[in-house]
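Trainee: Here's a structure for you.
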Amino acid sequence: APKRRVSFDNAKKMLQKGKNKWQSLRERTASTVIMIALVIGILSLGHAYCIVLIFGVANAMVQELFTFVANTHGEEVGAENEALRRTTMTLRWHLYWTAQFALYGRFAKYLWLGFFSAEDWNELLTEGAENPHNVVAWLAMHHSFLSFCSYIGGVVYFVLTLRKGKYEYQFSQFAWTHMILFVAIMMEYFNMANLMEGMIWFIFPLLLVIVNDIMAYIFGKMFGRTPLIKISPNKTWEGFLGAAVATIGCAPV
Numbered sequence: 003a004p005k006r007r008v009s010f011d012n013a014k015k016m017l018q019k020g021k022n023k024w025q026s027l028r029e030r031t032a033s034t035v036i037m038i039a040l041v042i043g044i045l046s047l048g049h050a051y052c053i054v055l056i057f058g059v060a061n062a063m064v065q066e067l068f069t070f071v072a073n074t075h076g077e078e079v080g081a082e083n084e085a086l087r088r089t090t091m092t093l094r095w096h097l098y099w100t101a102q103f104a105l106y107g108r109f110a111k112y113l114w115l116g117f118f119s120a121e122d123w124n125e126l127l128t129e130g131a132e133n134p135h136n137v138v139a140w141l142a143m144h145h146s147f148l149s150f151c152s153y154i155g156g157v158v159y160f161v162l163t164l165r166k167g168k169y170e171y172q173f174s175q176f177a178w179t180h181m182i183l184f185v186a187i188m189m190e191y192f193n194m195a196n197l198m199e200g201m202i203w204f205i206f207p208l209l210l211v212i213v214n215d216i217m218a219y220i221f222g223k224m225f226g227r228t229p230l231i232k233i234s235p236n237k238t239w240e241g242f243l244g245a246a247v248a249t250i251g252c253a254p255v
């Protein structure tokens, strides 16, 4: 009978694959424990620190998306047009901080309205510029108008920096910036609104996201076969569906 050859290369590959899976699991578990501990610590500190957490996450997400869009469409500009890149990035961040001013100014304004009466507002506005609260009161009273002026200033800056032959790139970047800000700032706004209604309404969706992420990883590693999206090849349909069922099941608990 012919001797059967054993492929040591395949055995080594399988062993290495198993080691990589266990190493990935250990790293994922360690990072999960650290992040959960940090979140619990921030939650225990109160609403103000939760607001800082929301702002930090939104800022990191927007920065990553801005970088992604800039790198994706970078070939449309060319290496020689570095000034146009800087102009586009300046406009992006101007619109971002305008949106943040509109968001946080709105919440601060209504918080102040709850603490001060109409007579208090009149006193603050008539005491003079030497009182630091006078500036804050003026900003709160004219917050919507200032937000509008800042946005219009960004639009004017965009029009003044248009370049012949680069219209398609510039308008596409302008549109992408608005879409990114709409998604990111709206999520930030809803999280802030939930937090203001009570800590439980901030913690509950946060826990659901944590459960969904963990279950997607577990089901994906155990049963994952079918890729979900090209941008993230490690995501699978099995992990997505398993995480959805697990999250819905954990919600009532």
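Start counting the sequence shown at 3; every next residue gets the next number (this note's numbering).
Heads up, the beta-carbon is just placed ideally off N, CA and C, and yes, glycines get one too.
(1) Check whether the segment 150-161 and the segment 105-114 touch, using three or more Cβ-Cβ pairs below 8 Å as the test.
(2) Can you give me the C-alpha to C-alpha distance between M224 and T238, rounded to a whole angstrom?
(3) On the three-state DSSP scale, how would you describe I233?
(4) Are M198 and F109 touching if we call contact CB-CB under 9 Å?
(5) With a threshold of 16 other CB atoms inside 10 Å of the CB of A131, please say whether the residue is buried or exposed.
(6) Near M217, what residues of its chain come up, given a Cβ to Cβ distance below 7 Å and the 5 sequence neighbours on each side ignored?
(7) Using the three-state DSSP reduction, which class does T34 fall into: helix, strand or coil?
(8) For M63, which of F184, K111, M143, S46 has the nearest alpha-carbon?
(9) Please list the terminal residues of the continuous alpha helix (DSSP H) segment that includes A253.
(10) Taking all protein chains shown into account, decide if E190 is buried (16 or more other Cβ within 10 angstroms of its Cβ) or exposed.
(11) What do you get for G200, buried or exposed, if any count of 16 or more other CB atoms within 10 angstroms of its CB means buried?
(12) In or out: I202 buried (at least 16 other Cβ within 10 Å) or exposed?
Mentor: Let me lay it out:
(1) Not touching, per the Cβ criterion.
(2) For M224 and T238, the gap between their C-alpha atoms comes out near 11 Å.
(3) DSSP places I233 in coil when its eight states are reduced to three.
(4) In contact: M198 and F109 (Cβ atoms closer than 9 Å).
(5) Summary for A131: the model assigns pLDDT 49, below 50, so the residue's position carries little reliability; its value from the coordinates is reported in the next sentence. Classification for A131: exposed.
(6) Hits under 7 Å: G244, A245, A248, T249.
(7) In the structure shown, T34 adopts helical secondary structure according to DSSP, grouped into three states.
(8) Looking only at F184, K111, M143, S46, the smallest Cα-Cα distance to M63 is reached by F184.
(9) Neither: A253 is in no alpha helix (DSSP H) and is coded neither H nor E.
(10) Counting the other CB atoms within 10 Å of its CB gives E190 a total of 16 or more, which places it among the buried residues.
(11) When all chains shown are included, G200 counts as exposed.
(12) So I202 counts as exposed.
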